[in-house]
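Structure first, commentary second.
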Amino acid sequence: MVWPAVGMGQQLAAQFGAIWQVLAAEWGWITGFATLLGLVADALTLLAPFAFWFLIVAVLVGGGSFVLALVHPPLAADVWTIQAYALPTALAMLVLHLAHVKGDKERGLLAAYFAVVRNMQDMLRRVEQGQQKIADAQTADSAKLDQILDMLRQQQEGTPSPLTQQAQETAVDSAIQAAAAGNDRMAAAVKRLQAGDITGASDLFQQEATAQEAAARDSNRQAAQAYLNLGAIAGVKDPMRALAAYRRAAELDPDNARAQFLAGDFALDTGDPAAAAPRLRRVLALAGASAYERYRANLRLGDLAMDQGDGPAARSLLDQARVIVEATLRDEPDSTDWQREKSVLKNRFGDLLSAQGDLAGALAAYRQGLNIRDKLSVSQQYNIGWQRDLSVSHNKIGDTLSAQGDLVGALAAYRQGLSIRENLSGAQPDNAEAQRDLSVSHDNIGDALSMQGDRAGALAAYRRGLVIREKLSAAQPEHAAWQRDLFVSHHKIGDTLSAQGDLPGALAAYRQGLLIVEKLSVTQADYAPWQRDILVSHIKVGYTLVTQDDLPGALSAYLKGLFIAEKLSAAQPDYKEWRRILSVSHSNIGDVHLAQGNLLDALSSYQQGLALLEKLSVGQPNNAEWQRDLSISYEKIGNTLSAQGDLSGALTAYRQRLAIMEKLSAAQPDHAAWQRDLSISHNKIGDTLSAQGDRTGALAAYRQGLAIMEKLSAAQPENKEWQRDLAVSCAKMGAVAAAQRDVEGARGWFQRGLRIMKGLLAKQPDHPQWQKDKGYFEGALRALEG
Numbered sequence: 002m003v004w005p006a007v008g009m010g011q012q013l014a015a016q017f018g019a020i021w022q023v024l025a026a027e028w029g030w031i032t033g034f035a036t037l038l039g040l041v042a043d044a045l046t047l048l049a050p051f052a053f054w055f056l057i058v059a060v061l062v063g064g065g066s067f068v069l070a071l072v073h074p075p076l077a078a079d080v081w082t083i084q085a086y087a088l089p090t091a092l093a094m095l096v097l098h099l100a101h102v103k104g105d106k107e108r109g110l111l112a113a114y115f116a117v118v119r120n121m122q123d124m125l126r127r128v129e130q131g132q133q134k135i136a137d138a139q140t141a142d143s144a145k146l147d148q149i150l151d152m153l154r155q156q157q158e159g160t161p162s163p164l165t166q167q168a169q170e171t172a173v174d175s176a177i178q179a180a181a182a183g184n185d186r187m188a189a190a191v192k193r194l195q196a197g198d199i200t201g202a203s204d205l206f207q208q209e210a211t212a213q214e215a216a217a218r219d220s221n222r223q224a225a226q227a228y229l230n231l232g233a234i235a236g237v238k239d240p241m242r243a244l245a246a247y248r249r250a251a252e253l254d255p256d257n258a259r260a261q262f263l264a265g266d267f268a269l270d271t272g273d274p275a276a277a278a279p280r281l282r283r284v285l286a287l288a289g290a291s292a293y294e295r296y297r298a299n300l301r302l303g304d305l306a307m308d309q310g311d312g313p314a315a316r317s318l319l320d321q322a323r324v325i326v327e328a329t330l331r332d333e334p335d336s337t338d339w340q341r342e343k344s345v346l347k348n349r350f351g352d353l354l355s356a357q358g359d360l361a362g363a364l365a366a367y368r369q370g371l372n373i374r375d376k377l378s379v380s381q382q383y384n385i386g387w388q389r390d391l392s393v394s395h396n397k398i399g400d401t402l403s404a405q406g407d408l409v410g411a412l413a414a415y416r417q418g419l420s421i422r423e424n425l426s427g428a429q430p431d432n433a434e435a436q437r438d439l440s441v442s443h444d445n446i447g448d449a450l451s452m453q454g455d456r457a458g459a460l461a462a463y464r465r466g467l468v469i470r471e472k473l474s475a476a477q478p479e480h481a482a483w484q485r486d487l488f489v490s491h492h493k494i495g496d497t498l499s500a501q502g503d504l505p506g507a508l509a510a511y512r513q514g515l516l517i518v519e520k521l522s523v524t525q526a527d528y529a530p531w532q533r534d535i536l537v538s539h540i541k542v543g544y545t546l547v548t549q550d551d552l553p554g555a556l557s558a559y560l561k562g563l564f565i566a567e568k569l570s571a572a573q574p575d576y577k578e579w580r581r582i583l584s585v586s587h588s589n590i591g592d593v594h595l596a597q598g599n600l601l602d603a604l605s606s607y608q609q610g611l612a613l614l615e616k617l618s619v620g621q622p623n624n625a626e627w628q629r630d631l632s633i634s635y636e637k638i639g640n641t642l643s644a645q646g647d648l649s650g651a652l653t654a655y656r657q658r659l660a661i662m663e664k665l666s667a668a669q670p671d672h673a674a675w676q677r678d679l680s681i682s683h684n685k686i687g688d689t690l691s692a693q694g695d696r697t698g699a700l701a702a703y704r705q706g707l708a709i710m711e712k713l714s715a716a717q718p719e720n721k722e723w724q725r726d727l728a729v730s731c732a733k734m735g736a737v738a739a740a741q742r743d744v745e746g747a748r749g750w751f752q753r754g755l756r757i758m759k760g761l762l763a764k765q766p767d768h769p770q771w772q773k774d775k776g777y778f779e780g781a782l783r784a785l786e787g
């Protein structure tokens with residue numbers, strides 16, 4: 002009787018071995034102890050007289066192993082294993098004891114118990130196989146999700162917000178899960194997405210949303226989610242279709258903060274701020290809105306306020322966003338996502354301060370954002386998103402230094418951004434967004450070189466950007482954002498060619514840009530950004546035709562721009578930027594009338610533009626950009642009155658411009674562009690006083706302008722534009738001295754101006770305007786000798 006017991010004890014040892022394998026991976030010392038008890042129990046099967054002790058050990062090993070899985074959560078996934086091995090084993094050991102004592106009948110019962118054990122083991126294997134199939138399916142779904150999201154990122158027009166990215170992931174994941182559950186429509190949509198057919202997939206998402214809406218009359222939440230999914234996919238290529246989907250989602254589920262935010266966010270991006278504001282405010286009013294949704298809503302409303310020139314409202318909204326960020330970081334101090342949002346907020350404050358003319362404050366804010374991003378990028382050097390953020394900060398710092406006149410510092414900042422983007426694009430040669438960022442950096446460097454007067458260097462930089470954009474647009478000809486970038490490149494090249502005197506080349510570049518945006522607007526005629534770009538193209542073409550003395554052609558181009566500006570302003574009368582653009586259009590038409598000698602028509606156009614700007618500036622007297630625009634209108638009216646012979650009226654207009662620029666430059670003395678405007682205002686007043694015969698007053702005005710330009714050019718001697726402005730001041734001083742018969746004084750001023758122009762031409766000998774300026778000074782000196 003003993004030897005059969007030993008054999009069965011060996012089988013039991015095998016059962017305990019299986020238990021040990023499960024437990025050993027989770028809780029080593031307990032499994033060791035359980036194994037020891039198993040060995041003791043196996044040994045006791047050989048000792049029938051000690052059956053009582055054997056029974057105790059059997060219960061401890063079998064039942065105790067099961068309890069162990071319940072009290073130790075990491076083992077919860079292995080409960081089936083414990084049940085399949087431990088409890089049947091304990092019962093089998095008990096029957097073993099009975100068989101040893103009583104004989105064949107009990108041994109038969111024991112065999113039946115072992116059959117149960119084997120059946121439970123078979124069931125366990127089937128469960129494990131089923132779990133493996135589920136795991137394999139989840140792995141396949143995850144790979145499919147990653148593939149589709151990567152494709153969407155490649156084809157995305159512009160950089161989506163984090164909430165938009167989350168919406169895209171939710172949409173794709175929902176489609177994959179629905180497909181797995183037997184939804185044929187979503188299965189087809191997933192296949193379309195895998196093939197890169199976003200439009201086809203969007204059509205299927207549209208059908209699904211419509212079906213969900215029809216089936217969900219009692220509860221619209223499911224239908225709203227279907228429309229959110231549609232918007233997330235359609236938004237990759239068709240922002241207007243995405244906007245319609247998000248609006249429908251918000252209508253179906255008014256308490257859905259995500260739907261309200263995305264409807265407002267896309268409305269703002271597609272040029273409909275009047276529709277955006279109520280949606281975004283709704284997010285702030287919803288109790289269920291997350292901290293991130295409320296933060297983003299404040300941020301976007303702040304953007305809208307900045308666009309409208311409402312600085313106080315923008316600051317208030319940004320302050321509310323800051324409260325959310327700071328509160329969240331107190332609760333989650335190690336959250337890198339919220340640290341990043343803090344840097345984003347710093348940049349927004351910088352944007353606001355820059356728009357208000359506070360360049361020093363803007364620079365400080367951008368540098369604070371840069372410090373945050375530096376720390377983040379150091380902690381995770383391979384985080385591509387944070388490296389990109391770092392390049393954005395360098396670019397914003399470059400923009401601000403450029404506005405301050407520090408072109409060397411600006412160029413250095415832009416080159417830091419370029420270096421980062423070269424590394425990112427080199428590591429990801431197939432990443433379209435990284436390539437696009439690289440083209441933007443080339444544009445920034447081109448802008449800085451252009452301001453330094455290095456037109457050839459600027460043109461080379463712009464053309465490097467153009468090459469990248471041509472490749473992107475050729476690879477994805479339907480990608481609207483890439484096409485628009487191409488439009489920007491043609492315009493920058495046109496500006497540079499125009500400055501170099503290559504007017505035919507400039508005109509060709511502007512017209513290439515115009516063709517691009519006109520083609521874009523065919524499919525989205527009501528998309529305001531495309532209409533604005535067409536308007537800008539007409540302005541650029543018109544300006545070039547004026548320079549070529551093709552005044553009828555220029556007037557035609559400007560009138561086309563005016564028509565678009567009137568249409569935009571009428572469609573959105575509360576959007577102040579359209580009214581500002583409308584005023585610029587009237588001013589451009591006035592320039593043509595002035596060049597044609599139609600002084601009354603010119604004055605009428607300028608006054609229409611002035612009236613629009615006066616209304617804007619009354620509502621926002623602290624909006625520095627609008628105040629500067631107002632000052633330019635006064636200057637143009639002064640030019641027209643001067644041409645009419647109304648020197649007194651011209652002097653009044655010029656002094657109105659001067660008063661504005663004195664106020665702006667006093668508030669921001671480090672704003673180089675405004676200091677230069679102030680110098681020009683003094684020169685205009687000097688010209689008018691000189692024409693009135695008041696040479697003493699003219700000389701005083703010219704000296705004030707000269708002092709400003711001497712300071713600016715000394716601070717930035719590499720700024721060729723300012724060096725040329727200084728030469729102009731020398732010419733004006735020399736002309737007054739000559740009129741006063743101060744030959745030596747006049748000679749000194751003309752010689753100084755000539756030295757400046759020779760120095761500039763030594764660096765860029767083919768510059769047509771500088772050659773003309775050099776000729777002026779040489780002629781003035783010859784006249785003195787005659």
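So for the sequence shown, my numbering puts the first residue at 2; every next one is plus one.
Quick reminder that beta carbons are idealized off the backbone N, C-alpha and C, glycines included.
Quick check on residue i: buried or exposed, where buried means 16 or more other Cβ atoms within 10 Å of its Cβ?
| i | result |
| --- | --- |
| G646 | exposed |
| N372 | exposed |
| T689 | buried |
| A6 | The pLDDT assigned to A6 is 37, lower than 50, so where the model puts this residue is not dependable, and the model offers no usable value. |
| K238 | buried |
| F564 | exposed |
| G63 | For G63, the predicted model reports a pLDDT of 49, less than 50, meaning its position is unreliable; a value from the coordinates is still stated below. Result: buried. |
| K397 | buried |
| L601 | exposed |
| G399 | buried |
| A275 | exposed |
| Y837 | With the chain represented from 2 up to 787, any question about residue 837 goes unanswered, as that position is not in the structure. |
| L302 | buried |
| G543 | buried |
| P240 | buried |
Cβ atoms of residue j and residue i: under 8 angstroms apart, would you say?
| i | j | result |
| --- | --- | --- |
| L762 | Q724 | no |
| S355 | R374 | no |
| A747 | L785 | yes |
| L755 | M734 | no |
| A298 | A306 | no |
| I709 | Q676 | yes |
| E745 | L727 | no |
In the structure shown, what three-state DSSP assignment does residue i receive?
| i | result |
| --- | --- |
| V237 | coil |
| G265 | helix |
| R783 | helix |
| G370 | helix |
| Y528 | coil |
| P708 | Here residue 708 turns out to be Ala, not Pro, going by the sequence shown. Reduced to three states, the DSSP call for A708 is helix. |
| A509 | helix |
| L287 | coil |
| H672 | coil |
| G351 | helix |
| G502 | coil |
| R742 | coil |
| N599 | coil |
| A182 | coil |
| D647 | coil |
Report, in whole angstroms, the separation of the C-beta atoms of residue i and residue j, which I expect to be a contact under 8 angstroms.
| i | j | result |
| --- | --- | --- |
| R658 | L617 | Not confirmed; about 17 angstroms, so no contact. |
| A225 | N257 | 6 angstroms |
| N720 | M452 | 7 angstroms |
| A235 | A251 | Actually they do not touch by this definition, with Cβ atoms about 15 angstroms apart. |
| L583 | A529 | At roughly 13 angstroms, the Cβ-Cβ gap does not stay under 8 angstroms, so L583 and A529 are not in contact. |
| W483 | R470 | 7 angstroms |
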